[in-house]
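*Asks:* Let me give you the structure first, and then I'll get to my questions.
2 protein chains.
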Amino acid sequence: MKCELIAVGTELLLGEISNTDAQMISQGLSELGINVYHHTVVGDNPERLKEVLTIAKSRADIIITTGGLGPTADDLTKETIAAAFGKKLYMDKEQRERLHQRMGARMTPNNEKQAMLPENCEVLVNDWGTAPGCAFYAEGCHVIMLPGPPSECTPMFKYRARPYLEKLCTDGQVIRSRFIKIFGLGESAMEDKLAFLMNSLENPTAAPYAKEGECEVRVTAKADSEEEAYGLIDPVVGQIKEILGSVVYGVDVTSLEEVVVKGLIDKGLTISTAESCTGGLMGKRLTDIPGSSACYIGGAVTYSNEMKMKVLGVSPKTLENFGAVSAETAMEMARGIRKLTGADIGISTTGVAGPGGGSDEKPVGTVYIGLSADGVDKVIKPELRPTSSRQRIRNSSAGSAFDLVRREILEK
Amino acid sequence: MKCELIAVGTELLLGEISNTDAQMISQGLSELGINVYHHTVVGDNPERLKEVLTIAKSRADIIITTGGLGPTADDLTKETIAAAFGKKLYMDKEQRERLHQRMGARMTPNNEKQAMLPENCEVLVNDWGTAPGCAFYAEGCHVIMLPGPPSECTPMFKYRARPYLEKLCTDGQVIRSRFIKIFGLGESAMEDKLAFLMNSLENPTAAPYAKEGECEVRVTAKADSEEEAYGLIDPVVGQIKEILGSVVYGVDVTSLEEVVVKGLIDKGLTISTAESCTGGLMGKRLTDIPGSSACYIGGAVTYSNEMKMKVLGVSPKTLENFGAVSAETAMEMARGIRKLTGADIGISTTGVAGPGGGSDEKPVGTVYIGLSADGVDKVIKPELRPTSSRQRIRNSSAGSAFDLVRREILEK
Numbered sequence: 007m008k009c010e011l012i013a014v015g016t017e018l019l020l021g022e023i024s025n026t027d028a029q030m031i032s033q034g035l036s037e038l039g040i041n042v043y044h045h046t047v048v049g050d051n052p053e054r055l056k057e058v059l060t061i062a063k064s065r066a067d068i069i070i071t072t073g074g075l076g077p078t079a080d081d082l083t084k085e086t087i088a089a090a091f092g093k094k095l096y097m098d099k100e101q102r103e104r105l106h107q108r109m110g111a112r113m114t115p116n117n118e119k120q121a122m123l124p125e126n127c128e129v130l131v132n133d134w135g136t137a138p139g140c141a142f143y144a145e146g147c148h149v150i151m152l153p154g155p156p157s158e159c160t161p162m163f164k165y166r167a168r169p170y171l172e173k174l175c176t177d178g179q180v181i182r183s184r185f186i187k188i189f190g191l192g193e194s195a196m197e198d199k200l201a202f203l204m205n206s207l208e209n210p211t212a213a214p215y216a217k218e219g220e221c222e223v224r225v226t227a228k229a230d231s232e233e234e235a236y237g238l239i240d241p242v243v244g245q246i247k248e249i250l251g252s253v254v255y256g257v258d259v260t261s262l263e264e265v266v267v268k269g270l271i272d273k274g275l276t277i278s279t280a281e282s283c284t285g286g287l288m289g290k291r292l293t294d295i296p297g298s299s300a301c302y303i304g305g306a307v308t309y310s311n312e313m314k315m316k317v318l319g320v321s322p323k324t325l326e327n328f329g330a331v332s333a334e335t336a337m338e339m340a341r342g343i344r345k346l347t348g349a350d351i352g353i354s355t356t357g358v359a360g361p362g363g364g365s366d367e368k369p370v371g372t373v374y375i376g377l378s379a380d381g382v383d384k385v386i387k388p389e390l391r392p393t394s395s396r397q398r399i400r401n402s403s404a405g406s407a408f409d410l411v412r413r414e415i416l417e418k
Numbered sequence: 007m008k009c010e011l012i013a014v015g016t017e018l019l020l021g022e023i024s025n026t027d028a029q030m031i032s033q034g035l036s037e038l039g040i041n042v043y044h045h046t047v048v049g050d051n052p053e054r055l056k057e058v059l060t061i062a063k064s065r066a067d068i069i070i071t072t073g074g075l076g077p078t079a080d081d082l083t084k085e086t087i088a089a090a091f092g093k094k095l096y097m098d099k100e101q102r103e104r105l106h107q108r109m110g111a112r113m114t115p116n117n118e119k120q121a122m123l124p125e126n127c128e129v130l131v132n133d134w135g136t137a138p139g140c141a142f143y144a145e146g147c148h149v150i151m152l153p154g155p156p157s158e159c160t161p162m163f164k165y166r167a168r169p170y171l172e173k174l175c176t177d178g179q180v181i182r183s184r185f186i187k188i189f190g191l192g193e194s195a196m197e198d199k200l201a202f203l204m205n206s207l208e209n210p211t212a213a214p215y216a217k218e219g220e221c222e223v224r225v226t227a228k229a230d231s232e233e234e235a236y237g238l239i240d241p242v243v244g245q246i247k248e249i250l251g252s253v254v255y256g257v258d259v260t261s262l263e264e265v266v267v268k269g270l271i272d273k274g275l276t277i278s279t280a281e282s283c284t285g286g287l288m289g290k291r292l293t294d295i296p297g298s299s300a301c302y303i304g305g306a307v308t309y310s311n312e313m314k315m316k317v318l319g320v321s322p323k324t325l326e327n328f329g330a331v332s333a334e335t336a337m338e339m340a341r342g343i344r345k346l347t348g349a350d351i352g353i354s355t356t357g358v359a360g361p362g363g364g365s366d367e368k369p370v371g372t373v374y375i376g377l378s379a380d381g382v383d384k385v386i387k388p389e390l391r392p393t394s395s396r397q398r399i400r401n402s403s404a405g406s407a408f409d410l411v412r413r414e415i416l417e418k
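Right, here's the structure in full:
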């Protein structure tokens, strides 16, 4: 099965927004084993959309469109696609009723347009916005229309389009995946370690991905039931975890900080942060996780030496002898924040994030991370490239700190 | 002039990365007055790339490609495009020499491939990576090839492709723009205020943009020289600033935090942060700016009530009588961090970022921001929607806090 994604929206062609829907949908299709050969973006122009559809029909078995389902005069996707496939639009009374319930007094005649749908289509009910999506089969092609805003498109793909597509490409079977998350191992090193296993697999299959500063392996199986699919997947997940060891920080989790927050809450532990080069980023990432207040007490951003001494009690001699960017300072910062807050774990960062501030002895990318817990004092110096951007160095530093905490929790 | 962007890369079709180059280039073309009618993404497949080029030739005057210029066997953009336009590739000795100099001992025979270029092209020298770009005119079409990685594509567009395009569409004139940045005014309110002026303009023109939680107006002029272009632009920028007033936070600046950091340094002032609901985000955003250590002393992330009392000296009575999310607590936090750090300005946030933790009295999105400076005590309550995401509420809170600081600096 070959698929083409068509995004409709002049705002994409003006560069006002990026076509992130295409990435999200492509990932989902790759998981289903559907080949995507083209992404196309076209403006809110019926003539050009029609031409683009003619081309897509000639080269794809599945066309998925995003955008142009809204209530304004610009929104012409449904009208144009229906016409291109010789279909009429009808007013779907159930969808109109939903719109009235959702919008109440804000409902205008324009809004009713959103309930007009191509005849004989499958309605894809939109629980995340006003415009319903739809799907139909015509002229040898499956056509699926989804709304454009990512906050609607993402769940509409996952909960509406994906089940429709799964039926198409599995003869009633299901496709399920698990995602193994890895921190602290490069992509090529990971591929080397897994090559033998990955090449020997048929169902499930395993595919590696590189993310910023992290890696991921997707294990995907096709089976008669969800239970059976996971029955095929889970032993392979186990094998991969065994091969890779402790660099695997989770399966089917969102981020390292999520694992840290859940791990702390599970074990009834609390944490606090002492940040220099990350400047608040560790606190920000921990508190990105809803419910983090159950384990995160707070922290100090001690950008100046004075703050390191005054708030965290770092000794003036340590700063003088070893400098602010040193293992010794990192350790005293971690101890200091733990003492101040009474948290079970204190974690600290100090380093040179660049682009300025580097020296021969301590080039940009020199970072120390300290961890203090009951009977535990640890400092690590992650390997960071001096040529990395300030943003990358700060993000990797926070990542390394979270990984250190994760490993500490495992030992508790 | 009609332009089509073609991105070449299977990793885009697999959803491993997003086509951010297309957004960046589209913005630049919009500034030059060049219409973009299509974005196309195709894999590293010469047959399909050739088909895509045939279609693009038939509907565009300018084709800009990104990706596929690298040293590996997958990288076939130059070969395929040259063939599609009946051109041969030649070894460019100057570029080969540059490659040797840049890569030194890491140079392999494969890498030499990158110096092969279509005959009679204009070489676009790449100072940001190894693969040179190129441009040529053939069969009624201008073709420009740029490398794919955004860290190379962005400067290659700005400093290489843009001047080439400017010549095409201005008969030797130049096109210049200024960007007016706005915080605290909605997009439609801004458009209402500027409609009369914008409609009356011809050269320069003005175009509004909505960014996440902010707005922007681009003023663009065409003229015989850069000086003349800015001579046309600057009075209109002045008019827009007068119409919009103090919601304009800067012209040709990157972000609100950049303006705050520069403003503080200019006036010799220092700042510190006391964060509850933003959890470190204010510190993170301030320290995103290189050189921020000249004005940012540090801060406290006081997620728990105990930390608010212990580190910032918020009174237990205030917390008991008004709650942690209150104007009174915000004020005491700002005063407390200023006292602790000795900074000229203390800024604080406390609120309900959601999704949990809201109540009838204090729903999700209830946020207070406090500012303390010499003789100044201020609290504001930004208007945030309870339906916004946790991320949005936290970002807007930090933005509102920075805007409050910016206004305070102006008065100093």
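As you go down the protein sequences, you meet chains A and B in turn.
Residues 7 to 418 (our numbering) make up the first sequence, in order.
Residues 7 to 418 (our numbering) make up the second sequence, in order.
Even for Gly, the Cβ is constructed at its ideal location relative to N, Cα and C.
This one's a predicted model, so the numbers in the text were calculated from it and none came from an experiment.
Based on the DSSP secondary-structure assignment, which residues constitute the bridge partners of Cys-140(B)?
*Replies:* Answer by DSSP bridge pairing, in chain order: Val-129(B), Met-151(B).
*Asks:* In terms of residues, what are the limits of the beta strand (DSSP E) holding Glu-221(B)?
*Replies:* It should be noted that the sequence gives Cys, not Glu, for residue 221(B). Its beta strand (DSSP E) spans residues 220-229.
*Asks:* Could you tell me if Arg-182(A) is buried or exposed, where buried requires 16 or more neighbouring beta carbons within 10 angstroms of its beta carbon?
*Replies:* Buried, by the Cβ-count rule.
*Asks:* Looking only at DSSP bridge pairs, what is Asp-240(B) linked to?
*Replies:* DSSP lists no partner for Asp-240(B).
*Asks:* Could you tell me the alpha carbon to alpha carbon distance between Leu-410(A) and Phe-163(B), rounded to whole angstroms?
*Replies:* Their backbone Cα atoms lie some 41 Å apart in a straight line.
*Asks:* Name, going along the chain, the residues of the segment 311-322 of chain A whose beta-carbon falls closer than 8 Å to a beta-carbon of chain B.
*Replies:* Hits within the stretch, in order: Glu-312, Met-313, Lys-316, Val-317.
*Asks:* Please say whether Ser-299(A) and Ile-343(A) have beta carbons closer to each other than 8 Å?
*Replies:* Cβ distance not < 8 Å, so Ile-343(A) and Ser-299(A) don't count as in contact.
*Asks:* Pull up the distance between the alpha-carbon of Phe-142(A) and that of Glu-128(A), whole angstroms please.
*Replies:* If you take the alpha carbons of Phe-142(A) and Glu-128(A), they lie about 6 Å apart.
*Asks:* Evaluate Thr-60(B) with the Cβ neighbour count: other Cβ atoms within 10 Å of its Cβ, from every protein chain shown; 16 or more gives buried, anything less gives exposed.
*Replies:* Classification of Thr-60(B): exposed, given that the 10 Å Cβ count is below 16.
*Asks:* In the DSSP assignment, what are the bridge partners of Pro-124(A)?
*Replies:* Partner(s): Leu-95(A).
*Asks:* Please report how far the alpha carbon of Ile-351(B) lies from the alpha carbon of Ala-349(A), in whole angstroms.
*Replies:* So the two alpha carbons sit approximately 29 Å from each other.
*Asks:* In chain B, what lies closer than 8 Å to Met-30(A) by C-beta?
*Replies:* Going along chain B in sequence order, the residues near Met-30(A) (Cβ under 8 Å) are Gly-21.
*Asks:* Is Asn-25(B) close to chain A, meaning its C-beta is less than 8 Å from at least one C-beta of that chain?
*Replies:* Taking Cβ atoms only, chain A reaches closer than 8 Å to Asn-25(B), which makes this a yes.
*Asks:* Quick one: what does DSSP say Leu-377(B) is sitting in, helix, strand or coil?
*Replies:* Strand at Leu-377(B).
*Asks:* Expressed to the nearest angstrom, what Euclidean distance is found between the alpha-carbon atoms of Ala-62(B) and Leu-130(B)?
*Replies:* Rounded to the nearest angstrom, the two C-alpha atoms are 22 Å apart.
*Asks:* Between the Cα of Glu-145(A) and those of Ser-252(A), Asp-67(A), Asp-50(A), Arg-400(A), spot the shortest distance and give me the residue it belongs to.
*Replies:* Comparing Cα positions, the closest option is Asp-67(A).
*Asks:* By DSSP's criteria, Leu-20(B) is part of a beta bridge. Which residues make up the other side?
*Replies:* In DSSP, Leu-20(B) forms no bridge with anything.
*Asks:* Below 7 Å CB to CB, which residues in the same chain sit around Gly-304(B) once its five sequence neighbours on both sides are set aside?
*Replies:* The residues are Ser-278, Thr-347.
*Asks:* Does any CB atom of chain B fall closer than 8 Å to the CB of Ser-206(A)?
*Replies:* So, not an interface residue.
*Asks:* May I ask you to list the residues that DSSP assigns as paired with Gly-304(B)?
*Replies:* Looking at the DSSP assignment, Gly-304(B) forms a beta bridge with Thr-308(A), Ser-278(B).
*Asks:* Run the CB neighbour count on Met-97(B), radius 10 Å, all protein chains shown included, and call it buried at 16 or more, exposed below.
*Replies:* Its Cβ having fewer than 16 others within 10 Å, Met-97(B) is exposed.
*Asks:* Where does Val-331(B) sit, in a helix, a strand or coil, going by DSSP?
*Replies:* Val-331(B): coil per DSSP, three-state reduction.
*Asks:* Cβ of His-223(A) less than 8 Å from any chain B Cβ?
*Replies:* Rather than His, the amino acid found at residue 223(A) in this sequence is Val. Answer no: the Cβ-Cβ gap between Val-223(A) and chain B never drops below 8 Å.
*Asks:* Would you call the segment 313-322 of chain A and the segment 382-392 of chain A touching, i.e. three or more CB-CB distances under 8 Å?
*Replies:* No, the segment 313-322 of chain A is not in contact with the segment 382-392 of chain A.
*Asks:* Beta carbon of Glu-414(A), beta carbon of Val-382(A): below 8 Å?
*Replies:* Yes, the Cβ-Cβ distance between Glu-414(A) and Val-382(A) is below 8 Å.
*Asks:* Taking 7 Å as the limit between beta carbons, can you name the residues of its chain near Ile-295(A), skipping five residues before and five after?
*Replies:* Closer than 7 Å at Cβ, skipping near neighbours: Glu-263, Glu-264, Val-267.
*Asks:* Is it right to say Phe-189(B) is buried, meaning 16 or more other beta carbons lie within 10 angstroms of its own, or is it exposed?
*Replies:* Looking at its Cβ environment, which holds 16 or more other Cβ atoms inside 10 Å, Phe-189(B) is buried.
*Asks:* Can you check which of these residues, Ala-379(B), Thr-393(B), Glu-417(B), Ile-375(B), is closest to Gly-405(B) by C-alpha distance?
*Replies:* Taking only the C-alpha atoms, the option nearest Gly-405(B) is Ile-375(B).
*Asks:* Would you report the Cα separation of Met-288(A) and Thr-86(B), rounded to the nearest angstrom?
*Replies:* Roughly 47 Å between the two C-alpha positions.
*Asks:* By Cβ distance, which residues of its chain are closer than 7 Å to Ala-379(A), with the 5 residues on each side in sequence left out?
*Replies:* So the list reads Asp-350, Ile-351, Glu-414, once near-sequence residues are dropped.
*Asks:* In the DSSP assignment, find the unbroken beta strand (DSSP E) run with Phe-185(B) in it and report its ends.
*Replies:* Phe-185(B) -> beta strand (DSSP E) spans 180-189.
*Asks:* Answer yes or no: does any C-beta atom of chain B fall closer than 8 Å to that of Lys-290(A)?
*Replies:* Yes, its Cβ sits closer than 8 Å to a Cβ of chain B.
*Asks:* Taking the alpha-carbon positions, what's the Val-270(A) to Lys-418(A) distance?
*Replies:* A quick correction: the sequence has Leu, not Val, at residue 270(A). Rounded to the nearest angstrom, the two C-alpha atoms are 10 Å apart.
*Asks:* According to DSSP, is Gly-360(B) helix, strand or coil?
*Replies:* Three-state DSSP puts Gly-360(B) in coil, outside helix and strand.
*Asks:* Among all the DSSP beta bridges, which residues are the ones paired with Pro-214(B)?
*Replies:* BP columns for Pro-214(B) point to Val-223(B).
*Asks:* Roughly how many angstroms separate the alpha carbons of Leu-75(B) and Cys-221(A), rounded to a whole number?
*Replies:* Roughly 25 Å separates the two Cα atoms.
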